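Q:
2 protein chains.
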Amino acid sequence: MIVDTSTLSCPLPIMDHDTVQLAHGSGGSLSASLIEKLFLPRFDNAMLNQLEDQAVMELPACRLAFSTDSFVVDPIFFPGGDIGDLAINGTANDVCMSGAVPLYVSAAFIIEEGFAMESLHRILLSMEQAGKQAGVTVVTGDTKVVNKGSCDKIFITTTGLGSVPDGVMISAGGIQPGDKIILSGTIADHGMAVMTSRENLSFQTRIQSDTAALNGLVEKMIKTTTEIHAMRDPTRGGLATTLNEFASTSNVGIKLIEGNIPISPDVKGACEILGIDPLNVANEGKLVAAVPPDKVDAVLDAMRKHPLGRQAAIIGEAVTDHKGMVAGETLLGVSRIVDMPVGEQLPRIC
Amino acid sequence: MIVDTSTLSCPLPIMDHDTVQLAHGSGGSLSASLIEKLFLPRFDNAMLNQLEDQAVMELPACRLAFSTDSFVVDPIFFPGGDIGDLAINGTANDVCMSGAVPLYVSAAFIIEEGFAMESLHRILLSMEQAGKQAGVTVVTGDTKVVNKGSCDKIFITTTGLGSVPDGVMISAGGIQPGDKIILSGTIADHGMAVMTSRENLSFQTRIQSDTAALNGLVEKMIKTTTEIHAMRDPTRGGLATTLNEFASTSNVGIKLIEGNIPISPDVKGACEILGIDPLNVANEGKLVAAVPPDKVDAVLDAMRKHPLGRQAAIIGEAVTDHKGMVAGETLLGVSRIVDMPVGEQLPRIC
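As they're listed, the protein sequences go chains A and B.
Just so you know, this note's numbering puts 150 at position 167 of the first sequence, and the rest follows in order with no gaps.
Just so you know, this note's numbering puts 172 at position 189 of the second sequence, and the rest follows in order with no gaps.
See the structure below:
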């Protein structure tokens, strides 16, 4: 959801400057004032508030999932979200794809000198909201400011930590022939939302990013069975990339029933007009999982009861043929190889 | 130490391109080839090699230290180091300032389109070497490529995880009046090395960055006593900032004996010529600690036996006067308030 500042209950605090200055990244007193006025109120928690250079957390003996992502999306505000919620959701998702419960997040900001305080505030509010929804706490961070022209507005790197429940062992290499491939919902929403909102495309649609934290959905799936053989969120490179990674890492073939892949009419239309294969377009609130055939109905049932899994569908299966490759069957029954995209269709999509 | 490619045993592998292309950040097959050829050989370990979107680590019940930093230093290669070893050492240091043993690191790269593969390779070699020296393993990462002009060459965000030994409880808020303030060595080396190497300064010196991982030194100190009340590495904002943070967080005054602060003649000279207070200049391989008076001799002894602590000195003490403030006593016996620097003297110093 877009954070519309006009409806925000929390206005920008009175700041020393309207835009971010180099001095705000100096580590000196202006840095301290920026952190205190803008960052701490958003991520208010005992560990962060100590303002140590590191957070110290007590954890029981466990397996930990640890993941990092830099977010460089352009534009930073797009239909359905912004760089802030994207940075929280994206990292929460990478952590929970191992089956882990995401708990803690660090956030490192690289900000261009002259960036509007109002925009920074909007982004932080959006991170706050996303963190609450995902149930993760921002416990440590860093802020650097670079000279005007040395970065484009703002980049955010988040790193997540989560605890993997006992008995859960999910990896892209665990797929067995016969496993069904489940997709949690429509594809290509995020990528097309960002692309159609770029200034150079006059093109107007109702397409919204699907940015969302998937850990609630994953929890429901794991409660149903711990026998989920592989799980991944198809972000950059899209569904085609994730399925190819599955096929090569697990050394199986993947047969894809293209007609079963959910896609919204608006996204489909935009892809057709722009000549883009939606299989290659980024998603930010979807997951693909490989599940043994005797568990697939129960998992699908559980997913469809969750708001983020209502359109979950079986989109294919793992086979012993064409190992390491993904073969798509079109609606007309024609088979084609679904390759990983070589290059970059949509730079700075996340 | 500078990684001089002419002496490297490891030449650049044969790559598809001489410079980084947008497609190398697409998540598609060119991304996969970059990771496989350039990144994996440097950070070779079982967790990273699985190429999951997250690393899963087994840890015993413990307190974990968690810290993140973005590195945007300019120039990326400077006397004594580069952005690569800086990114490893800086995060290892933030983790170990809590007394923790740094174990795992994530690394997220934001690279400008057109960046030379040769330079990326040098940086990765330097990270590899620094990781080995610090004893930390890079277990997960991310690579984004942005359009030419959207970032300045390369930014690296590292996030570290470490395990805090039982009984160790170090924080900037733990200082008691009477505690001695120890500094591990000379100040301002890193900041002045970077500054004097910038193109716009014709100024040539032998000043080298002090970039180094301090966890070995910290281990020696903690073996001597767990009663270290506060510890921090004085990076951005320099020693003045760290001491002011100590004073305000612990609500004590700090009396600084300026004549006891180690500084190399070259650095002192450069600071004088440029009119810069070395107390405000960044360090990347130094620590400041507050230690009770009955432990200070043992801690100093232990430090001086370690290569990174040979010049360790008592530079002041915590007092009940002028709470929250740092008062420096000059060689002439004059007292002055040592403030946190307000602004940015040296942007992009780390």
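Note that the Cβ used here is the ideal one computed from N, Cα and C, for glycine as well.
Since we're looking at a predicted model, the values are computed, not measured.
Taking Cβ positions, are Leu314 of chain B and Glu255 of chain B nearer each other than 8 Å?
A: Going by C-beta atoms, Leu314 of chain B is not nearer than 8 Å to Glu255 of chain B.
Q: Can you name the start and end residues of the alpha helix (DSSP H) that Phe229 of chain A belongs to?
A: Gly221 to Ser233
Q: Pairs of beta-carbons, one from the region 191 to 204 of chain B and one from the region 73 to 85 of chain B, closer than 8 Å: are there three or more?
A: yes
Q: Considering just the uninterrupted stretch of the beta strand (DSSP E) at Pro85 of chain A, what are its terminal residues?
A: Val84 to Glu95
Q: Alpha carbons only, please: which of A:Phe60, A:Gly220 and A:Met214 is nearest the one belonging to Ser158 of chain A?
A: Note that residue 158 of chain A is Ile in the sequence shown here, rather than Ser. Ile158 of chain A has its Cα closest to that of A:Met214, out of A:Phe60, A:Gly220 and A:Met214.
Q: Any beta carbon of chain A sitting closer than 8 Å to that of Pro58 of chain B?
A: no
Q: Can you give me the start and stop residues for the beta strand (DSSP E) that Ile341 of chain B sits inside?
A: Since the first and last residues shown for chain B are -16 and 333, residue 341 of chain B lies out of range.
Q: For the region 249 to 332 of chain A, list the alpha helix (DSSP H) runs that are entirely contained and at least 4 residues long, ordered along the chain.
A: Segments of the alpha helix (DSSP H) lying fully in the region 249 to 332 of chain A: 279 to 287.
Q: Is Thr179 of chain A close to chain B? Criterion is C-beta to C-beta, closer than 8 Å.
A: no
Q: Hey, Asn227 of chain B and Val309 of chain B: beta-carbon distance below 8 Å or not?
A: yes
Q: Can you give me the C-alpha to C-alpha distance between His104 of chain A and Asp162 of chain A, rounded to a whole angstrom?
A: 46 Å
Q: Enumerate in chain order the residues of its own chain whose CB-to-CB distance from Leu34 of chain B is below 6 Å, with the five nearest sequence positions on each side excluded.
A: none
Q: Taking all protein chains shown into account, decide if Gly174 of chain A is buried (16 or more other Cβ within 10 angstroms of its Cβ) or exposed.
A: buried
Q: Is the region 3 to 10 of chain B touching the region 87 to 103 of chain B in the sense that three or more CB pairs, one from each, lie closer than 8 Å?
A: The region 87 to 103 of chain B vs the region 3 to 10 of chain B: in contact.
Q: Less than 7 Å separating the Cβ of Leu108 of chain A from some heavy atom of the ligand SAM?
A: The ligand SAM is not part of this structure, which contains no ligands at all.
Q: To the nearest angstrom, report how far apart Gln294 of chain A and Pro245 of chain A are at their CA atoms.
A: So the two alpha carbons sit approximately 7 Å from each other.
Q: Would you decide whether Val317 of chain B is buried or exposed? Buried here means 16 or more other CB atoms lie within 10 Å of its CB.
A: exposed
Q: Output, in chain order, the set of chain B residues within a Cβ distance shorter than 9 Å of Ala301 of chain A.
A: Within 9 Å Cβ-Cβ: nothing; Ala301 of chain A doesn't reach chain B, min ~18 Å.
Q: Per DSSP, what are the beta-bridge partners of Ala99 of chain A in this structure?
A: A:Thr2
Q: From Gln(-4) of chain A to Ala29 of chain A, what distance separates their C-alpha atoms?
A: Note that residue -4 of chain A is Pro in the sequence shown here, rather than Gln. So the two alpha carbons sit approximately 22 Å from each other.
Q: Here's a check: name, in chain order, each residue in its chain whose Cβ is nearer than 6 Å to the Cβ of Thr(-12) of chain A, leaving out the five neighbours to either side.
A: Any reading at Thr(-12) of chain A needs caution, since the residue's pLDDT is 42, under 50, leaving its predicted position unreliable; the model's value is listed next. Closer than 6 Å at Cβ, skipping near neighbours: Arg105.
Q: Check for me: the alpha helix (DSSP H) holding Ile71 of chain B runs from which residue to which?
A: For Ile71 of chain B, the uninterrupted alpha helix (DSSP H) run begins and ends at Ile66 to Cys79, by DSSP.
Q: For Ile320 of chain A, count neighbouring C-beta atoms within 10 Å of its own C-beta (all shown protein chains included) and say buried if the count is 16 or more, exposed if not.
A: exposed
Q: For Lys251 of chain B, which residues in the same chain have their Cβ closer than 6 Å to its Cβ, ignoring the five residues on either side in sequence?
A: none
Q: From Leu17 of chain B to Pro276 of chain B, what does the alpha carbon distance come to, in whole angstroms?
A: 53 Å
Q: Which residues in the same chain have their Cβ closer than 6 Å to the Cβ of Val(-14) of chain B, if we skip the five residues on either side of it in sequence?
A: Any reading at Val(-14) of chain B must be qualified, since the residue scores a pLDDT of 41, below 50, and its modelled position is unreliable; no value is offered.
Q: Residues of chain A with CB under 7 Å from Thr224 of chain B, in chain order?
A: Gly10 and Gly11
Q: With DSSP collapsed to three states, give me the class of Ile106 of chain B.
A: The three-state secondary structure of Ile106 of chain B, taken from DSSP, is helix.
Q: Going by CA-CA distance only, name the one from B:Cys(-7), B:Leu291, B:Lys306 and B:Arg46 that's closest to Thr169 of chain B.
A: B:Leu291
Q: With a threshold of 6 Å on Cβ separation, who are the neighbours of Thr232 of chain B within its own chain once the five nearest residues in sequence on each side are excluded?
A: Ala155 and Gly156
Q: Cα separation between Phe335 of chain B and Thr188 of chain B?
A: Since the displayed chain B opens at -16 and closes at 333, residue 335 of chain B lies outside it and no answer follows.
Q: Can you find the residues in the same chain that come closer than 6 Å, C-beta to C-beta, to Phe60 of chain B, ignoring five residues on each side of it along the sequence?
A: none
Q: Under 8 Å between the Cβ atoms of Thr224 of chain A and Gly8 of chain B?
A: Contact flag unset, no.
Q: Which residue wins for smallest C-alpha separation from Pro148 of chain A, given the options A:Ala117, A:Thr120 and A:Met204?
A: A:Met204
Q: Given a threshold of 16 other Cβ atoms within 10 Å of its Cβ, counted over all protein chains shown, does Asn263 of chain A qualify as buried or as exposed?
A: Buried is the call here.
Q: Indicate the three-state DSSP secondary structure (helix, strand or coil) for Val151 of chain B in the structure shown.
A: In the three-state reduction of the DSSP assignment, Val151 of chain B falls in the coil class.
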